[in-house]
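Below is one structure; the comments refer to it alone.
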Amino acid sequence: MEIVMAFVIGFLFMAATYLMLSRSLLRIIIGTGLLSHGVHLLVLTMGGLGGEAPPVLADGVEASQFADPLPQALILTAIVIAFGVTAFILVVAYRAYQSLETDNTTHMKGSDSDE
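Start counting the sequence shown at 2; every next residue gets the next number (this note's numbering).
Dropping the structure here:
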């Protein structure tokens, strides 16, 4: 299962890098969202996919059967932070589009002759 996750994570990183290198603000925002999802999957995979029992002490359950709750807690926190950052970036991009009437980053730079 880790091999499949490695390919999925690699594909997400590849697509995110491609999108973030484009000139459209919307593609850059989608790329950052894909990158954050790839990082979430990476943390979950590195934390271990094994463990079927909940992390609660019970009779007859060995320590190797417990699911590790730390990566799950870290990912949950990271998802909330990524949502907040994405919402902020969307608002800034919308305001920039209203002001400049373009989402192309090359046209947003302007030039010295515009002043």
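For glycine and all other residues, C-beta sits at the position ideal for the given N, C-alpha and C.
For clarity, every value in this text was computed on a predicted model and none was experimentally measured.
- The Cβ-Cβ distance between M2 and L50 falls below 7 Å.
- Partner residues in the beta bridge of S25, as assigned by DSSP, are N105.
- By the Cβ test, the segment 11–19 is not in contact with the segment 93–102, since fewer than three Cβ pairs between them sit closer than 8 Å.
- The Cβ neighbour count for H108, taken over all protein chains shown within 10 Å, is under 16; the residue is labelled exposed.
- Cβ neighbours of L43 within its own chain (closer than 8 Å, five residues either side excluded): I10.
- Remark: three or more beta-carbon pairs, one from each stretch, lie closer than 8 Å, so the segment 72–85 and the segment 27–44 are flagged as touching.
- A68 is the residue among I30, D60 and A68 whose C-alpha sits nearest the C-alpha of G48.
- Taking C-beta atoms under 8 Å as the contact rule, L22 and I31 fail to qualify, at a distance of about 12 Å.
- Counting only the Cα atoms, E63 lies some 53 Å from R24.
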